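Below is one structure, written out as structure tokens; the observations come after it.
In our numbering, the protein residues as written are 366 to 656.
The structure is reproduced here in structure tokens:
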């Protein structure tokens, strides 16, 4: 079910949000209403996942209803933390190319040995990648207000509406709720020969992300699609070389990393002490068979 509403009239931007939690979505809408610039809103009611099985397909379904110059895609758990957030984001949109994409949290592919999210947004769970960041900031500070990067987080990003008509989200590679922005970025770099940007923004993201088996196998599909274009791919929640040997290791590392966590939980009396080896074997076999 899709709900459409006008926040204010004569807008240059439409904000699209696929939501499942009504209270959280309403909090986001209230901060959108407080903005100093007008915006259109398309809310996609997907409670119970009854309408769509992926965010890519949900966003593709409404792109023809977007009549504004720009479109922004937002998570439901975003809060715009002052009245100028949207205005500032639009000012950065006006400086980028017609096929470029802009977001508020991004990563670079180089150097490959350094994992670092570039972002000024605030996160209530500041434990990211083994580092506790001062003030709950989700990443390294954006220098100069806007920086070029390679892929963006899905939490809040956008660009010229026509770009997303010309280059729709890949709902086959991104068949659930992960990596559709990262895939859009790589599609943009490879096929539109355009750039990806991350900008400073006073936004609160109320979750720290969710890396699960669907993310892992979705990331492997993403790497296979662009293996001929990028020897190494990084998203905000994971990275790997794109050859098959390293992708197998990527899957095994995900399951093996859970072992010490499960051991601790066993010590706490909550769950099993180890990840069964058959689970690791099945995961790697699934990857090798490209299921």
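C-beta: ideal position from N, C-alpha, C; glycine also.
Computed from a prediction, not measured in an experiment: that's the story for all the values here.
Per-residue DSSP class, three states only, for residue i
| i | result |
| --- | --- |
| residue 443 | strand |
| residue 462 | coil |
| residue 487 | strand |
| residue 377 | coil |
| residue 531 | helix |
| residue 637 | Confidence is the limiting factor: at residue 637 the pLDDT is only 47, short of 50, which leaves the residue's position unreliable and the question unanswerable from this model. |
| residue 492 | Residue placement at residue 492 is poorly supported in this model, since its pLDDT is 40, which falls under 50; the coordinates still yield a value, given next. Reduced to three states, the DSSP call for residue 492 is strand. |
| residue 398 | helix |
| residue 449 | coil |
| residue 436 | strand |
| residue 616 | helix |
Same chain, Cβ closer than 8 Å to residue i, neighbours up to 5 away in sequence not counted
| i | result |
| --- | --- |
| residue 462 | 559 and 560 |
| residue 434 | 377, 378, 525 and 526 |
| residue 400 | 372, 445, 448, 449, 450, 451 and 452 |
| residue 583 | 538, 539, 540, 541, 543 and 544 |
Option in the options with minimal Cα separation from residue i
| i | options | result |
| --- | --- | --- |
| residue 520 | 550, 504, 570 and 483 | 570 |
| residue 432 | 381, 540 and 459 | 381 |
| residue 620 | 576, 609, 600 and 607 | 576 |
| residue 455 | 404, 425 and 583 | 404 |
| residue 547 | 567, 510 and 585 | 585 |
| residue 613 | 595, 589 and 556 | 589 |
| residue 472 | 389, 511, 441 and 556 | 511 |
| residue 536 | 390, 426 and 389 | 426 |
| residue 392 | 415, 424, 413 and 439 | 439 |
| residue 601 | 617, 618 and 581 | 581 |
Residue i: CB within 6 Å of a non-hydrogen atom of the ligand NAP
| i | result |
| --- | --- |
| residue 533 | With respect to small molecules bound, the structure shown includes none, and the ligand NAP cannot be examined in it. |
Supposed close pair residue i, residue j - CB separation, criterion 8 Å
| i | j | result |
| --- | --- | --- |
| residue 448 | residue 507 | Contact doesn't hold; Cβ gap of about 20 Å is too wide. |
| residue 530 | residue 428 | 6 Å |
| residue 563 | residue 517 | 7 Å |
| residue 394 | residue 451 | Between residue 451 and residue 394 the Cβ distance is about 13 Å, and since that is not below 8 Å, they are no contact. |
| residue 466 | residue 526 | Between residue 526 and residue 466 the Cβ distance is about 12 Å, and since that is not below 8 Å, they are no contact. |
| residue 504 | residue 481 | 7 Å |
| residue 409 | residue 486 | So it is not a contact: roughly 22 Å between Cβ atoms. |
N-terminal and C-terminal residue of the beta strand (DSSP E) that residue i is part of
| i | result |
| --- | --- |
| residue 472 | 470 to 472 |
| residue 599 | 597 to 600 |
| residue 525 | 521 to 525 |
| residue 569 | 568 to 570 |
| residue 542 | No beta strand (DSSP E) holds residue 542; DSSP gives it neither H nor E. |
| residue 408 | 405 to 410 |
| residue 537 | No beta strand (DSSP E) holds residue 537; DSSP gives it neither H nor E. |
| residue 561 | 561 to 564 |
Beta-carbon proximity list for residue i, same chain, < 7 Å, skipping 5 on both sides
| i | result |
| --- | --- |
| residue 545 | 420, 421, 519, 534 and 539 |
| residue 550 | 466, 515, 516, 517 and 561 |
| residue 587 | 538, 544, 547, 548 and 598 |
Minimum Cβ-Cβ distance from residue i to chain C less than 7 Å
| i | result |
| --- | --- |
| residue 435 | In the structure shown, chain C cannot be found, because there is only a single protein chain. |
Residue i, enclosing alpha helix (DSSP H) - first and last residue
| i | result |
| --- | --- |
| residue 668 | Since the first residue of the chain shown is 366 and the last is 656, residue 668 is not available in this structure. |
| residue 555 | 545 to 556 |
| residue 583 | 578 to 590 |
| residue 427 | 420 to 427 |
Cβ shell of residue i (< 6 Å), same chain only, five flanking positions each side left out
| i | result |
| --- | --- |
| residue 528 | 464 |
| residue 411 | 383, 385 and 417 |
| residue 396 | 444 and 445 |
| residue 615 | 605 |
| residue 592 | 607 |
| residue 594 | 555 |
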